[in-house]
Ligand SMILES: NC(=O)c1ccc[n+]([C@@H]2O[C@H](COP(=O)([O-])OP(=O)(O)OC[C@H]3O[C@@H](n4cnc5c(N)ncnc54)[C@H](OP(=O)(O)O)[C@@H]3O)[C@@H](O)[C@H]2O)c1
């Protein structure tokens, strides 16, 4: 079988496809033939050596495929089920425990960008029945992180306003979930074209953060000076502008660090505005199943920017790394009928 790995040296140019033996299953495990995978910033960071991951390392956290074999102790899955990987494998429900961080697929343990994967049944989730494998491959990290940030950490309510930053996988899922809840969305992006697409998905107000570097003040103005109830922080470098945009008693769900891991942060406005700042780590399996039910009930479809075949792995990684996408970038293992733009 083929596996996508970073072998001897870090760097996107060193990501290769290698033949490996198909793994065998234990009693509690399931063999999945992978149809589609999706990329996350985490894959880029690992491939570039940001965490000093031990090599060789199979990349990837997000995969969807069909169950081909089940172990004798498997109770909840059957041959033929379409399943997605659950990123923080041991985080099944309740609060996150320190040990859970050691079970993250593609990070602490080998990843899932392989033609076949074997995982315990507890590390797999049936996909929503209204989605294709390609669409569902966007759920394990981006979808679930957005759900966690909007619903669990963010506690967004109907009629409230959320600020979203950028138009990548997490932000676009968050836009869709926020609109489903009945909340208002203000979204910022580097691209007017992407903001136009966000409007078509229901964004109420849009700001180009490149041509409007004072976007924090602008968000405040757009809310009549009150500020937003919730913000999903994606940059961290510009957290000061996010704080400027917040309502008294508002909540910032910290998701990303696209601007860097450290910043100059004055505590004054956090105290003055009584803000809550909460970190987000994707989500539990229970949250994943809750999200899937919401996707089914609302017949929601994830936004897939582009689908690449495995033969164009390197082009796909470069395209994703350049940040031209709106929503998610997916790669298919086998040629399947698709309803999304293909290379
Ligand atoms: N905490 C967690 O559990 C968790 C889970 C998933 C992701 N993340 C993190 O969340 C962030 C977003 O992930 P993603 O999967 O949505 O990434 P993505 O699909 O690559 O999208 C990133 C988008 O953010 C915008 N952007 C780029 N630099 C920015 C900056 N400095 N400030 C504000 N926006 C910027 C760009 O959109 P425009 O072109 O529209 O400007 C870019 O396309 C990443 O840092 C990722 O590592 C964290």
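Residue numbers (our numbering): 60 to 402. Even for Gly, the Cβ is constructed at its ideal location relative to N, Cα and C. Quick caveat: nothing in here was measured; it's all calculated off a predicted structure.
(message) Quick check on DSSP: helix, strand or coil for residue 179?
(response) Locating residue 179 in the chain shown gives position 120, counting from the first residue. Strand.
(message) When you measure from the CB of residue 200 to every non-hydrogen atom of ligand 1, does any distance come out below 7 Å?
(response) Within the chain shown, residue 200 is the residue found at index 141, counting from 1. Yes - ligand 1 has a heavy atom lying nearer than 7 Å to the Cβ of residue 200.
(message) Could you compute how far the alpha carbon of residue 379 sits from the alpha carbon of residue 234?
(response) As a first step, residue 379 is located in the chain shown; it is residue number 320 there, counting from the start. As a first step, residue 234 is located in the chain shown; it is residue number 175 there, counting from the start. Their Cα atoms are separated by approximately 20 Å.
(request) Report the three-state DSSP secondary structure of residue 380 (helix, strand or coil). (result) Here residue 380 is taken as the residue at index 321 of the chain shown, counted from 1. Three-state result, residue 380: helix.
(request) Identify, in the order they occur along the chain, each residue of the same chain with its Cβ nearer than 6 Å to the Cβ of residue 61, setting aside the five sequence neighbours on each side. (result) Numbered from 1 along the chain shown, position 2 holds the residue referred to as residue 61. Only 76, 174 meet the Cβ criterion.
(message) Between the alpha carbons of residue 344 and residue 199, how many angstroms are there, rounded?
(response) In the chain shown, counting from the first residue as 1, residue 344 sits at position 285. In the chain shown, counting from the first residue as 1, residue 199 sits at position 140. Whole-angstrom Cα-Cα distance: 10 Å.
(request) Specify whether the stretch 94-112 and the stretch 150-161 touch according to this definition: at least 3 beta carbon pairs, one from each stretch, less than 8 Å apart. (result) no
(request) Leaving out five residues on either side along the sequence, give the residues of the same chain with a beta carbon under 6 Å from the beta carbon of residue 124. (result) Along the chain shown, one-based indexing puts residue 124 at 65. Closer than 6 Å at Cβ, skipping near neighbours: 91, 92, 93, 94.
(message) What would DSSP say about residue 367, mapped onto helix, strand or coil?
(response) By 1-based counting over the chain shown, the position of residue 367 is 308. Three-state result, residue 367: strand.
(request) Using DSSP bridges, identify the partner residues of residue 144. (result) Working through the chain shown from its first residue, we reach residue 144 at position 85. Paired residue(s): 183.
(message) At a cut-off of 7 Å, would you count residue 314 as near ligand 1, judging by its Cβ distance to the nearest heavy atom?
(response) Locating residue 314 in the chain shown gives position 255, counting from the first residue. Yes, the beta carbon of residue 314 sits closer than 7 Å to at least one heavy atom of ligand 1.
(message) Checking the sheet assignment: what are the DSSP bridge partners for residue 163?
(response) As a working mapping, residue 163 is identified with position 104 in the chain shown. Beta-bridge pairing links residue 163 to 147.
(message) Excluding the 5 residues flanking residue 112 on each side, which residues of the same chain have their C-beta closer than 7 Å to its C-beta?
(response) Counting from one through the chain shown, the residue named residue 112 turns up at place 53. Counting only Cβ-Cβ distances below 7 Å, and skipping sequence neighbours, we find 105.
(message) Measuring only the C-alpha atoms, how far is residue 405 from residue 176?
(response) Outside the displayed range of the chain (60 to 402) lies residue 405, so it cannot be described from this structure.
(request) Classify residue 192 as helix, strand or coil using the three-state DSSP reduction. (result) Within the chain shown, the letter at position 133 stands for residue 192. Helix at residue 192.
(request) Could you tell me the boundaries of the alpha helix (DSSP H) in which residue 299 lies? (result) Within the chain shown, the letter at position 240 stands for residue 299. Taken as a continuous stretch (DSSP letters only), the alpha helix (DSSP H) holding residue 299 covers 298-303.
(message) Considering just the uninterrupted stretch of the beta strand (DSSP E) at residue 391, what are its terminal residues?
(response) If you number the chain shown from 1, residue 391 lands on position 332. Start and end: 387-391.
(message) Is residue 213 near ligand 1 - that is, is its Cβ less than 7 Å away from at least one heavy atom of it?
(response) Residue numbering aside, residue 213 sits at position 154 when the chain shown is read from its first letter. Checking the Cβ of residue 213 against ligand 1 gives no.
(message) Would residue 89 and residue 133 qualify as a contact pair, given that the criterion is a beta-carbon distance under 8 Å?
(response) Your numbering for residue 89 matches position 30 in the chain shown. Your numbering for residue 133 matches position 74 in the chain shown. Yes, they are a contact pair.
(message) Taking 7 Å as the cut-off, is the beta-carbon of residue 259 closer than that to any non-hydrogen atom of ligand 1?
(response) Taking the chain shown and counting its residues from 1, the one referred to as residue 259 is at position 200. No; taking the cut-off as 7 Å, the Cβ of residue 259 has no heavy atom of ligand 1 nearer than that.
(message) Check this for me: beta carbons of residue 97 and residue 188, under 8 Å apart or not?
(response) Taking the first residue of the chain shown as position 1, residue 97 is located at position 38. Taking the first residue of the chain shown as position 1, residue 188 is located at position 129. No; because the gap between Cβ atoms is not below 8 Å, this pair is not in contact.
(request) Return the bridge partner residues of residue 121 from the DSSP annotation. (result) As a working note, residue 121 is residue 62 in the chain shown. For residue 121, which the question treats as bridged, DSSP gives the partners 97.
(message) Just verifying my parser: in three-state terms, what is the DSSP assignment at residue 309?
(response) The sequence position of residue 309 within the chain shown is 250, counting from 1. DSSP places residue 309 in strand when its eight states are reduced to three.
(message) I want to check one thing, is the minimum distance from the CB of residue 297 to the heavy atoms of ligand 1 below 7 Å?
(response) In the chain shown, the residue the question calls residue 297 occupies position 238. It does: the Cβ of residue 297 is within 7 Å (strictly closer) of some heavy atom of ligand 1.
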